[in-house]
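Student: One structure, as structure tokens, below. Some questions next.
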């Protein structure tokens with residue numbers, strides 16, 4: 046069956062089949078990102094998909110290609126969350142049993158969502174690769190049909206239906222930016238995009254801490270990273286797919302890497318300017334926009350998913366505020382006598398700074414009368430406002446020292 050995948054005919058068939066379960070995710074034009082980059086930037090919001098991610102497409106199409114006997118044996122897969130939900134949802138639609146092996150580091154929200162679709166969840170390993178090895182072992186022992194999250198041509202064909210929708214809405218698109226973990230999404234989108242328009246540029250984007258495709262393309266063969274470390278858990282993959290690797294070599298024009306800190310800023314951009322929750326892996330293409338050295342082009346950034354748990358979200362928001370100088374901490378030394386705290390607070394208030402935390406340390410010096418330390422965490426409007434507050438403290442005779450924020 047796989048020999049007939051990744052053809053225009055297969056993509057057209059997959060598009061019809063996927064429409065039975067996939068939500069409509071129309072392109073969203075981003076004024077903010079367009080102004081920031083000098084291009085016309087559109088977002089493909091797969092974070093608004095029924096299961097919160099594009100993975101439903103590939104899972105549902107793959108299951109549609111199975112025989113009744115293969116479905117009746119039950120399905121098994123490994124996933125950090127989004128493919129898990131896609132398989133669980135699709136299996137429920139087909140009336141199949143689904144067993145999902147997820148890394149122990151998978152956010153609780155993704156685990157619970159997967160269970161809510163009726164799947165049996167097994168937590169095993171710290172990263173996807175370890176979970177996948179366990180899932181394959183169980184498939185062999187129990188006779189389950191294994192649904193690979195990315196190294197499967199039928200799955201990649203289902204994911205590629207995104208490109209069909211992009212071209213229907215924006216026929217003259219110049220660039221498509223695609224998140225990369227194992228490479229299934231990038232395979233499907235790049236292959237179909239080139240079939241529809243050989244001149245289009247398709248750029249893969251992966252986290253710097255999990256650059257398995259970058260390493261593989263450089264080596265000219267599939268390689269396995271020793272370890273991965275990234276907040277983009279959905280793309281924390283050590284090894285790209287071997288079956289799809291030749292398609293990635295041919296279809297992708299470039300692969301960019303993004304640091305975790307850039308994803309933090311991109312999260313705030315999406316929340317503040319588009320009122321959308323996008324998970325870290327889905328933000329890769331947003332963060333990559335500023336690294337793309339082009340102007341006046343029509344660019345589509347694929348937002349691959351929006352499944353982020355509240356704890357992760359709160360951490361990302363906090364880090365983002367710190368990175369943008371919306372929250373900062375200064376340390377000042379002042380005499381231990383009445384009125385000094387009020388004096389410092391008055392200086393900050395005069396500059397419209399908002400004090401959100403104070404730490405008073407009387408033991409920084411053996412001479413308390415000469416100096417005690419006051420650490421002040423302040424909310425500001427941004428870098429310029431922060432600098433104004435620090436300057437005002439300096440003008441009043443304090444010697445403010447910027448320190449790491451501890452919330």
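Residue numbers (this note's numbering): 46 to 452. Where is the CB? At the ideal position from N, CA and C, for every residue including glycine.
State the Cα-Cα distance for the pair residue 173 and residue 428, rounded to the nearest angstrom.
Tutor: Counted from its first residue, the chain shown places residue 173 at position 128. Counted from its first residue, the chain shown places residue 428 at position 383. Answer to the nearest angstrom: the Cα atoms are 39 Å apart.
Student: Which of helix, strand or coil does DSSP assign to residue 278?
Tutor: Here residue 278 is taken as the residue at index 233 of the chain shown, counted from 1. Here residue 278 sits in helix by DSSP.
Student: Going by DSSP in three states, residue 406 sits in which element: helix, strand or coil?
Tutor: Walking along the chain shown from the start, residue 406 turns up at place 361. Residue 406: strand per DSSP, three-state reduction.
Student: What is the rounded straight-line gap between the Cα of residue 126 and the Cα of residue 152?
Tutor: Counted from its first residue, the chain shown places residue 126 at position 81. Counted from its first residue, the chain shown places residue 152 at position 107. Going by the C-alpha atoms only, they are around 8 Å apart.
Student: In three-state terms, what does DSSP make of residue 251?
Tutor: Locating residue 251 in the chain shown gives position 206, where the first residue counts as 1. In the structure shown, residue 251 sits in a strand (DSSP, three-state: E or B).
Student: So does the region 54–74 actually touch the region 298–310, counting three or more Cβ pairs closer than 8 Å?
Tutor: no
Student: If distances are taken between C-alpha atoms only, which option among 75, 56 and 54 comes closest to residue 348?
Tutor: Walking along the chain shown from the start, residue 348 turns up at place 303. Comparing Cα positions, the closest option is 75.
Student: List the endpoints of the continuous beta strand (DSSP E) containing residue 87.
Tutor: Position 42 of the chain shown holds residue 87. 85–90 is the span of the beta strand (DSSP E), which, as asked, contains residue 87.
Student: Which whole runs of the alpha helix (DSSP H) in the region 57–134 are 4 residues long or more, in chain order?
Tutor: 76–82, 100–109 and 113–117
Student: Would you tell me roughly how many angstroms separate the C-alpha atoms of residue 301 and residue 399, rounded to the nearest one?
Tutor: Working through the chain shown from its first residue, we reach residue 301 at position 256. Working through the chain shown from its first residue, we reach residue 399 at position 354. Cα-Cα distance, rounded: 39 Å.
Student: Hey, would you say residue 140 sits closer than 7 Å to residue 101, going by beta carbons?
Tutor: Taking the first residue of the chain shown as position 1, residue 140 is located at position 95. Taking the first residue of the chain shown as position 1, residue 101 is located at position 56. Not closer than 7 Å, so no.
Student: Looking at C-alpha atoms only, which residue of 119, 334, 294 and 283 is the closest neighbour of residue 186?
Tutor: One-based indexing of the chain shown puts residue 186 at position 141. Taking only the C-alpha atoms, the option nearest residue 186 is 119.
Student: I need the straight-line Cα distance from residue 230 to residue 238, nearest angstrom please.
Tutor: To locate residue 230, count along the chain shown from 1; it is residue 185. To locate residue 238, count along the chain shown from 1; it is residue 193. Approximately 12 Å between the Cα atoms of the pair.
Student: For residue 199, does the count of other Cβ atoms within 10 angstroms reach 16, so buried, or fall short, so exposed?
Tutor: Numbered from 1 along the chain shown, position 154 holds the residue referred to as residue 199. Under this definition residue 199 is a buried residue.
Student: Does the Cβ-Cβ distance between residue 162 and residue 133 come in under 7 Å?
Tutor: As a working note, residue 162 is residue 117 in the chain shown. As a working note, residue 133 is residue 88 in the chain shown. Yes. Within cutoff.
Student: Roughly how far, in whole angstroms, is the beta-carbon of residue 283 from the beta-carbon of residue 297, given that I think they are within contact range, below 8 Å?
Tutor: Reading the chain shown from its first residue, position 238 is the one you call residue 283. Reading the chain shown from its first residue, position 252 is the one you call residue 297. Contact doesn't hold; Cβ gap of about 19 Å is too wide.
Student: How many angstroms separate the CA atom of residue 285 from the CA atom of residue 327?
Tutor: Reading the chain shown from its first residue, position 240 is the one you call residue 285. Reading the chain shown from its first residue, position 282 is the one you call residue 327. Between residue 285 and residue 327, the C-alpha separation is close to 18 Å.
Student: So does the region 328–340 actually touch the region 219–234, counting three or more Cβ pairs closer than 8 Å?
Tutor: The region 328–340, when compared against the region 219–234, does touch it at the 8 Å Cβ threshold.
Student: Based on the DSSP secondary-structure assignment, which residues constitute the bridge partners of residue 147?
Tutor: Taking the first residue of the chain shown as position 1, residue 147 is located at position 102. 168, per the DSSP bridge assignment.
Student: Quick check: the region 86–99 against the region 334–354, are there 3 or more CB pairs under 8 Å?
Tutor: yes
Student: On the premise that residue 422 lies in contact with residue 402, defined as a C-beta separation below 8 Å, what is that separation, rounded to the nearest angstrom?
Tutor: For the purposes of this step, residue 402 is identified with residue 357 of the chain shown, where counting begins at 1. For the purposes of this step, residue 422 is identified with residue 377 of the chain shown, where counting begins at 1. Yes, residue 402 and residue 422 are in contact; Cβ-Cβ is about 4 Å, under 8 Å.
Student: Which whole-angstrom value describes the C-beta separation of residue 146 and residue 176, a residue pair presumed to lie in contact below a C-beta threshold of 8 Å?
Tutor: Here residue 146 is taken as the residue at index 101 of the chain shown, counted from 1. Here residue 176 is taken as the residue at index 131 of the chain shown, counted from 1. Indeed, because the Cβ distance is near 5 Å, the residues count as touching under 8 Å.
Student: Skipping 5 residues on each side, what residues in its chain have a beta carbon closer than 6 Å to that of residue 443?
Tutor: Position 398 of the chain shown, counting from 1, holds the residue named residue 443. Closer than 6 Å at Cβ, skipping near neighbours: 377.
Student: Which residue's Cα is closest to the Cα of residue 55: 305, 96, 192 and 233?
Tutor: Taking the chain shown and counting its residues from 1, one reaches residue 55 at position 10. Answer by Cα proximity: 233.
Student: Distance check for residue 252 and residue 264, CA to CA, integer angstroms please.
Tutor: For this step, residue 264 is matched to residue 219 along the chain shown. For this step, residue 252 is matched to residue 207 along the chain shown. Distance between the alpha carbons of residue 264 and residue 252 is about 18 Å.
Student: So residue 379 is in the beta strand (DSSP E); what residue range does that whole segment cover?
Tutor: Walking along the chain shown from the start, residue 379 turns up at place 334. That run of the beta strand (DSSP E) goes 372–379.
Student: From the DSSP secondary-structure annotation, give me the bridge partner or partners of residue 346.
Tutor: Locating residue 346 in the chain shown gives position 301, counting from the first residue. DSSP lists 88 and 222 as partners of residue 346.
Student: Return helix, strand or coil for residue 328, following the three-state DSSP convention.
Tutor: Here residue 328 refers to the residue found at position 283 of the chain shown. It is helical.
Student: Cβ of residue 367 within 7 Å of Cβ of residue 396?
Tutor: Here residue 367 corresponds to residue number 322 of the chain shown, with the count starting at 1. Here residue 396 corresponds to residue number 351 of the chain shown, with the count starting at 1. Result no, Cβ atoms of residue 367 and residue 396 do not sit closer than 7 Å.
Student: Taking the alpha helix (DSSP H) that residue 215 falls in, what are its first and last residues?
Tutor: Taking the chain shown and counting its residues from 1, one reaches residue 215 at position 170. Taken as a continuous stretch (DSSP letters only), residue 215 belongs to no alpha helix (DSSP H), as it is neither H nor E.
Student: Measure from the alpha carbon of residue 240 to the alpha carbon of each residue in 171, 255, 206 and 73, then state which is nearest.
Tutor: Position 195 of the chain shown, counted from the first residue, corresponds to residue 240. Nearest to residue 240 by alpha-carbon distance, out of 171, 255, 206 and 73, is 206.
Student: Reducing DSSP to helix, strand and coil, say where residue 191 ends up.
Tutor: In the chain shown, residue 191 corresponds to position 146, counting from 1. Residue 191 falls in the strand class under three-state DSSP.
Student: Can you grab the Cα-Cα spacing for the pair residue 281 / residue 440, in whole Å?
Tutor: Indexing the chain shown from 1 puts residue 281 at position 236. Indexing the chain shown from 1 puts residue 440 at position 395. One C-alpha to the other measures close to 48 Å.
Student: Within a Cβ cutoff of 6 Å, which residues of the same chain sit near residue 136, ignoring the five residues on either side of it in sequence?
Tutor: Taking the first residue of the chain shown as 1, we reach residue 136 at position 91. 120 and 143.
Student: Sort 197, 180, 380 and 195 by Cα distance to residue 189 and report the nearest one.
Tutor: On the chain shown, residue 189 is found 144 positions in, with the first residue counted as 1. In terms of CA proximity to residue 189, 180 leads the group 197, 180, 380 and 195.
Student: Whole angstroms are fine: how far does the CA of residue 166 sit from the CA of residue 159?
Tutor: Position 114 of the chain shown holds residue 159. Position 121 of the chain shown holds residue 166. Spanning the two alpha carbons is a distance of roughly 7 Å.
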